[in-house]
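Each remark here refers to the structure printed beneath this line.
There are 2 protein chains.
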Amino acid sequence: VRLGPDGTSLIILDQTALPDRVEERTLTTVEEIEEAIRSLRVRGAPLIGIAAALGVAAITRRAAAATEDASLPLAERVTDWCRRLSGARPTGANLAWAMARLERAVREREAAPPGELAELVAAEARAIHEEDRAMCRRIGEYALELLPDARPFEILTHCNAGALATGGIGTALAPVYLAHEAGRAVHVFADETRPLLQGSRLTAWELRRSGVEVTVLTDGMAGALMASSRVPDAVLVGADRIAANGDVANKVGTYGLAVLAAHHGVPFYVLAPSTTVDLDTPRGEDIPIELRDPSEVTEGFGRTTAPRDVDVWSPAFDVTPAALVGAIVTERGIHRPPYGDTLREAMLGAGGTTGVTTGEPRGRDP
Amino acid sequence: VRLGPDGTSLIILDQTALPDRVEERTLTTVEEIEEAIRSLRVRGAPLIGIAAALGVAAITRRAAAATEDASLPLAERVTDWCRRLSGARPTGANLAWAMARLERAVREREAAPPGELAELVAAEARAIHEEDRAMCRRIGEYALELLPDARPFEILTHCNAGALATGGIGTALAPVYLAHEAGRAVHVFADETRPLLQGSRLTAWELRRSGVEVTVLTDGMAGALMASSRVPDAVLVGADRIAANGDVANKVGTYGLAVLAAHHGVPFYVLAPSTTVDLDTPRGEDIPIELRDPSEVTEGFGRTTAPRDVDVWSPAFDVTPAALVGAIVTERGIHRPPYGDTLREAMLGAGGTTGVTTGEPRGRDP
Numbered sequence: 001v002r003l004g005p006d007g008t009s010l011i012i013l014d015q016t017a018l019p020d021r022v023e024e025r026t027l028t029t030v031e032e033i034e035e036a037i038r039s040l041r042v043r044g045a046p047l048i049g050i051a052a053a054l055g056v057a058a059i060t061r062r063a064a065a066a067t068e069d070a071s072l073p074l075a076e077r078v079t080d081w082c083r084r085l086s087g088a089r090p091t092g093a094n095l096a097w098a099m100a101r102l103e104r105a106v107r108e109r110e111a112a113p114p115g116e117l118a119e120l121v122a123a124e125a126r127a128i129h130e131e132d133r134a135m136c137r138r139i140g141e142y143a144l145e146l147l148p149d150a151r152p153f154e155i156l157t158h159c160n161a162g163a164l165a166t167g168g169i170g171t172a173l174a175p176v177y178l179a180h181e182a183g184r185a186v187h188v189f190a191d192e193t194r195p196l197l198q199g200s201r202l203t204a205w206e207l208r209r210s211g212v213e214v215t216v217l218t219d220g221m222a223g224a225l226m227a228s229s230r231v232p233d234a235v236l237v238g239a240d241r242i243a244a245n246g247d248v249a250n251k252v253g254t255y256g257l258a259v260l261a262a263h264h265g266v267p268f269y270v271l272a273p274s275t276t277v278d279l280d281t282p283r284g285e286d287i288p289i290e291l292r293d294p295s296e297v298t299e300g301f302g303r304t305t306a307p308r309d310v311d312v313w314s315p316a317f318d319v320t321p322a323a324l325v326g327a328i329v330t331e332r333g334i335h336r337p338p339y340g341d342t343l344r345e346a347m348l349g350a351g352g353t354t355g356v357t358t359g360e361p362r363g364r365d366p
Numbered sequence: 001v002r003l004g005p006d007g008t009s010l011i012i013l014d015q016t017a018l019p020d021r022v023e024e025r026t027l028t029t030v031e032e033i034e035e036a037i038r039s040l041r042v043r044g045a046p047l048i049g050i051a052a053a054l055g056v057a058a059i060t061r062r063a064a065a066a067t068e069d070a071s072l073p074l075a076e077r078v079t080d081w082c083r084r085l086s087g088a089r090p091t092g093a094n095l096a097w098a099m100a101r102l103e104r105a106v107r108e109r110e111a112a113p114p115g116e117l118a119e120l121v122a123a124e125a126r127a128i129h130e131e132d133r134a135m136c137r138r139i140g141e142y143a144l145e146l147l148p149d150a151r152p153f154e155i156l157t158h159c160n161a162g163a164l165a166t167g168g169i170g171t172a173l174a175p176v177y178l179a180h181e182a183g184r185a186v187h188v189f190a191d192e193t194r195p196l197l198q199g200s201r202l203t204a205w206e207l208r209r210s211g212v213e214v215t216v217l218t219d220g221m222a223g224a225l226m227a228s229s230r231v232p233d234a235v236l237v238g239a240d241r242i243a244a245n246g247d248v249a250n251k252v253g254t255y256g257l258a259v260l261a262a263h264h265g266v267p268f269y270v271l272a273p274s275t276t277v278d279l280d281t282p283r284g285e286d287i288p289i290e291l292r293d294p295s296e297v298t299e300g301f302g303r304t305t306a307p308r309d310v311d312v313w314s315p316a317f318d319v320t321p322a323a324l325v326g327a328i329v330t331e332r333g334i335h336r337p338p339y340g341d342t343l344r345e346a347m348l349g350a351g352g353t354t355g356v357t358t359g360e361p362r363g364r365d366p
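Chains as they are written, first to last, in this note's numbering: chain W, 1 to 366; chain B, 1 to 366.
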């Protein structure tokens, strides 16, 4: 995602068109931005937050330039836009976090002239984007410490927690990209991730474009893979929200993978920026889980794949209990159980070091 | 499946067209029958055996009537057809079993005149079909003993082990149909079962047609279901081959369900006719697992769902180790661990009683 040339529009890569077509869309209203988030044209918890922030920056600039429409003070309108977009998808923590951050920035300077306010919002949105890009690399560097360093490694991932889901090189895929950049052999097994196929459509697409070897399998084949001779070195996934106790909401299907990984003794790691950690949500059961429209399951491919009007249950996310998570990796370090303590310390502590990993990440020649 | 009006053709319901269209096809050559099996127009381990047997009966009658083409004795030609069809799909036990049974019947009477031989084959094929129909009901009656009898019950199933997969009321779905016939409330959660969606296309279709309540979910949602307040009373699945030690090959994704069921303490039962038990295959690792074409994963719905030429791993089946199987139910009874003993006794013992369940099944008012 990026701002248009004059900074008054948001340009997105429409992820619903991939891998068939690489299509950009230019959005100029809050309605268009909301639609793009709800329909998953823009998706991935960190990227949604970035896109909404840049989007609010674009429409704020546009509003600041349009002198005629000033029935409400601009600061109030920005607040309205932030709250509206904040509710576009309920599960991910980063969207609400980014919108609250813009709101806070504007509230502190609400008397500023429109042009100044618009620049303030734009600067905050750019900062959110830049910080995310940096967080991705740090996550990758820390995560490499958890992976074999003396030989090629293979990982299994679910959904898309790559470059397409973030402002940088991804979260779950960050160590993969860093290893690949360093000339190491690395191989990714990508669950296709029904219903919307973010694994086969997006993860496979971005890895291939970067020259990383990838093999697609259906979600139900992960068990057979772990029982085979090619058991992966680790399961790496992103997260949409991490509760204070370490329970992790992520794309539906993640929980089943975590159970399989535990059964096979395969390490299961969650990689996400600290903006995904929500200390105000005590446990996984407190995370609201978005239910998606049945048509994504029954007609997702331009063909009817179930009887008309059949009952469908389609949660977009599931919750993996902390007990199944071997480590949570953020840009602040490698966090280990008990997460109630280590996450709180890492999120609230000065400098962001954890009780477990301190100092600079030791990523291998990124 | 059934024979055409003059007994010289095989009529099948083309399951690849469901649930959109109910289309029958008439097959008259061994090539057509083989294609129908390979392409899954006819699928379900028991039904494949029945279809192949009726198919050989049809082409044998046709050959017996066609006097000109007699370069080979008819008995030898029947043997050739049986061996060819036997190899159409490698994993399921019932196809090879049915073809071996026809071969044996013909070999015992190979000198008989063509017309007589054709009637013999037809009688044997009809017997295979009728026996399967009866086995389905017995499986259902035994399986009901494992399910709650004082209240409505809910089960989770994978793929299609229903009427469409057998000559009767199915295997995994047999207790569901018997309970429904008896006026009991019963509800089925059906995994859609990627890549070919036998759950959403076939299981949901046949249950709705019979008035049984069904809810479709994607394969990756089964974990969320088990962690929810609607945890099913049992997971019921069919089987393509059961090894002598009780390891079960079934549609890929079954193994992951078995691990989830164990994790949540949900009973996991395998329901299949005794023709699926293969005492000549000692363990699961000895079962050949068919690999399917990548296009079933990447272009299965008339739309490209992965980058062109991406690497795909697509085993059609996986193996669930006996340790995760709470019971195997055949028409001979409820078999419990250690399966190495109980299955052998049930399959080889006179009358087919097992060490565990004896006598008539006590199914509830079927």
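Glycine residues also receive a C-beta, built at the ideal position from the N, C-alpha and C atoms.
Item to complete: Give a yes or no on whether the minimum CB-CB distance between W:Pro19 and chain B is below 8 Å.
Response: yes
Worksheet entry | Reduced DSSP secondary structure (H/G/I, E/B, other) of W:Gly333 | strand
Item to complete: Go through its chain and collect everything with a Cβ distance to W:Ser9's Cβ below 6 Å, but skip five positions before and after it.
Response: Thr26, Thr28 and Ala58
Discussion item. I'd like to know whether the C-beta atoms of W:Arg344 and W:Leu271 end up nearer to each other than 8 Å.
Written reply: no
Worksheet item: Could you give the residue range of the beta strand (DSSP E) that holds W:Thr26?
Response: Glu24 to Leu27
Worksheet item: How do the region 149-165 of chain W and the region 260-270 of chain B stand: do at least 3 beta-carbon pairs fall below 8 Å, yes or no?
Response: no
Discussion item. So for B:Ile37, helix, strand or coil by DSSP?
Written reply: helix
Item to complete: Can you pull the chain B residues whose beta carbon is under 8 Å from the beta carbon of W:Asp311, in chain order?
Response: Glu213, Val214, Thr215 and Val216
Worksheet item: Taking C-beta to C-beta, are B:Ile50 and B:Val1 nearer than 8 Å?
Response: yes
Fill in: From W:Tyr142, W:Arg104, W:Pro19 and W:Ala185, residue whose alpha carbon lies closest to that of W:Ile374
With chain W running from 1 to 366 in the structure shown, residue 374 of chain W is simply not present.
Worksheet entry | As assigned by DSSP and simplified to three states, the class of W:Pro307 | coil
Worksheet entry | Option in W:Ala122, W:Val22, W:Asp286 and W:Asp309 with minimal Cα separation from W:Pro321 | W:Asp286
Worksheet entry | Local Cβ density within 10 Å of B:Glu108, reported as buried at 16 or more and exposed below that | exposed
Worksheet entry | Helix, strand or coil at B:Leu236 [DSSP, three-state] | strand
Worksheet item: Roughly how many angstroms separate the alpha carbons of B:Ile128 and B:Gly140, rounded to a whole number?
Response: 18 Å
Worksheet entry | B:Ala271 in three-state terms, based on DSSP | Correcting the residue identity first, residue 271 of chain B is Leu in this sequence and not Ala. In this structure, B:Leu271 counts as strand in the three-state DSSP scheme.
Worksheet item: Going by Cα to Cα distance, which pick from W:Glu110, W:Asp191, W:Pro73 and W:Ala96 is closest to W:Arg83?
Response: W:Ala96
Discussion item. Once DSSP output is grouped into helix, strand and coil, what is the label at W:His263?
Written reply: helix
Fill in: Local conformation of B:Thr79 per DSSP, three classes
helix
Worksheet entry | B:Gly333 to B:Glu145 span [Cα, whole Å] | 10 Å
Discussion item. Quick check: the Cα distance between B:Ala93 and B:Arg241, rounded to an integer number of angstroms?
Written reply: 5 Å
Worksheet item: When the cut-off is 8 Å and only beta carbons count, does W:Asp219 lie next to chain B?
Response: yes
Worksheet item: When the cut-off is 8 Å and only beta carbons count, does B:Gly326 lie next to chain W?
Response: no
Worksheet entry | Close beta carbons around B:Ala222, own chain, < 7 Å, minus the five adjacent residues each side | Leu156, Asp191, Leu257 and Leu260
Worksheet entry | Own chain partners of W:Thr60 with C-beta closer than 6 Å, once the 5 adjacent residues on each side are dropped | Val78, Ala118 and Val121
Worksheet item: The beta strand (DSSP E) spanning W:Asn250 covers which residue range?
Response: Val248 to Lys251
Discussion item. 8 Å is my cut-off, CB to CB: does B:Ala369 come that close to chain W?
Written reply: Residue 369 of chain B is absent from the model: chain B starts at 1 and stops at 366.
Worksheet item: List, in order along the chain, the chain B residues whose C-beta lies closer than 7 Å to that of W:Val252?
Response: Gly220, Met221 and Ala224
Worksheet entry | Span of the alpha helix (DSSP H), counted from its first residue to its last, around B:Ala66 | Segment: none, B:Ala66 is in no alpha helix (DSSP H) and carries neither H nor E.
Worksheet item: Looking at the unbroken beta strand (DSSP E) that takes in W:Leu217, where does it start and where does it end?
Response: Glu213 to Leu217
Worksheet entry | Sequence-distant residues of its chain with Cβ nearer than 8 Å to B:Ser39 (five each side left out) | Thr16
Discussion item. Is W:Ala64 near the ligand ZN - that is, is its Cβ less than 7 Å away from at least one heavy atom of it?
Written reply: You won't find the ligand ZN in this model; it holds no ligand whatsoever.
Worksheet entry | chain B contacts made by the region 187-205 of chain W, where a contact means CB separation under 8 Å | Phe189, Asp191, Glu192, Thr193, Arg194, Pro195, Leu197, Ser200, Arg201, Ala204 and Trp205
Worksheet item: Which residue's Cα is closest to the Cα of W:Leu291: W:Thr281, W:Ala224 and W:Trp313?
Response: W:Trp313
Discussion item. Can you check which of these residues, W:Leu85, W:Glu124 and W:Leu74, is closest to W:Ala111 by C-alpha distance?
Written reply: W:Leu74
Worksheet entry | First and last residue of the uninterrupted alpha helix (DSSP H) at W:Ile139 | Pro114 to Leu144
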